[in-house]
Amino acid sequence: MIALIGNVNIFRFCGDMLHVVAIIILLSYIWKSQSVFGISGKSQILFALVFTTRYVDLFTSFISVYTNSLKVVYIITSYVTLYLIYIKFRYTYDKSNDTFRAEILIMSSGVLAVFVNHYFSPFEFCWTFSIYLESVAILPQFFMIIKNGDVERMIGYYLTAMGSYRALYIMNWMYRYKNEGFYDAIAANSGLLQSILYIMFLILYSKRNDFRLRVIRNQQKNTLLSEPTLLPQPSRWPGISMKV
1 MIALIGNVNI FRFCGDMLHV VAIIILLSYI WKSQSVFGIS GKSQILFALV
51 FTTRYVDLFT SFISVYTNSL KVVYIITSYV TLYLIYIKFR YTYDKSNDTF
101 RAEILIMSSG VLAVFVNHYF SPFEFCWTFS IYLESVAILP QFFMIIKNGD
151 VERMIGYYLT AMGSYRALYI MNWMYRYKNE GFYDAIAANS GLLQSILYIM
201 FLILYSKRND FRLRVIRNQQ KNTLLSEPTL LPQPSRWPGI SMKV
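Taking my numbering, I'd label the letters of the sequence shown as residues 1 to 244.
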């Protein structure tokens, strides 16, 4: 049994399952709608890069059937998503609004991984780079939503599941620190940053929507005030009056 699932606590397990659910939601939305409109291809490129670099040890390191299976799922689904965005449904991709400079995130994560790591080796660099990059990989998607001013309902569900998955991973680290004395500053701080970005996005998006609603209400109010009031006209026929 240990070989199947390894040392997995309830918080990590629930977090992993929410991550899988988020992927299923995204792929289901794309396939059912036959469209990738509203999805940031740049964010998905970053996630594919995250999983590719994090799991370069897939064929050289075995932890458990559970962990290795998830590694395979994450890698395959990330490239399937890229195929759907950039090949199969490329005509529905909103490239004009997916303009975040993702290369800045890649370069920054690479530089940080060189100087801030547990020890320097090729595998350690790849793992550290992936941790840093994952913490900011969702930024192009947030930027695209704010730029569009709207978000598809299913994409909202996807983002909710992704944010919840990271929140559960923070609880996983707290649990491990309390019960195992284990603490990884790089993973914990990067996960905390990612959670903060989700919270900031929700606040900014909510304020933007509130502002838009106020503008719409004011426009409707001004329209009603500017419309001329139609008063009843007196009858042209003598002896006949109009009742109001």
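By construction, the Cβ of each residue, glycine as well, lies at the ideal position given by its N, Cα and C atoms. A quick note: this is a predicted structure, and the numbers were derived from the prediction, not measured.
Looking only at P122, T92 and F51, the smallest Cα-Cα distance to V73 is reached by F51. In this structure, S28 lies away from Q141, with their beta-carbon atoms at least 8 Å apart.
Cβ atoms of G15 and L168 come within 8 Å of each other, at about 3 Å. In this structure I23 is not in contact with Y157, their Cβ atoms being roughly 12 Å apart against a cut-off of 8 Å. At least 8 Å separates the beta-carbon of A102 from that of L18. Out of T53, N97, R153 and T81, the CA that lies nearest to the CA of G110 is found in T53. Under the 10 Å beta carbon count, Y165 is surrounded by 16 or more other beta carbons and is classified as buried. Taken in chain order, the unbroken stretches of alpha helix (DSSP H) that lie wholly in the region 81-162 and span 4 residues or more are 102-115, 122-136 and 139-148. Of C126, G41 and D150, the smallest CA-CA separation from L204 is found for D150. For the pair of segments examined, the region 91-107 was found to touch the region 127-146: the number of CB pairs separated by less than 8 Å reaches three. Per the coordinates, the alpha-carbon of N172 lies some 19 Å from the alpha-carbon of L197. DSSP places L49 in the uninterrupted alpha helix (DSSP H) bounded by G41 to R54. Put simply, the backbone Cα of R153 is about 12 Å away from that of I145. Distance from the Cα of A137 is smallest, within the candidate group V36, S40, V116 and I10, for S40.
Nearest Cα to T160 within the set E180, S195 and N148: S195. Listed in chain order, the non-local C-beta contacts of F125 below 8 Å within the same chain comprise A113, V114 and N117, local neighbours out to five positions each way being set aside. With a threshold of 16 other beta carbon atoms within 10 Å, F120 falls short and is exposed. Sorting Y175, M200 and L82 by C-alpha distance to the C-alpha of S35 places L82 at the top.
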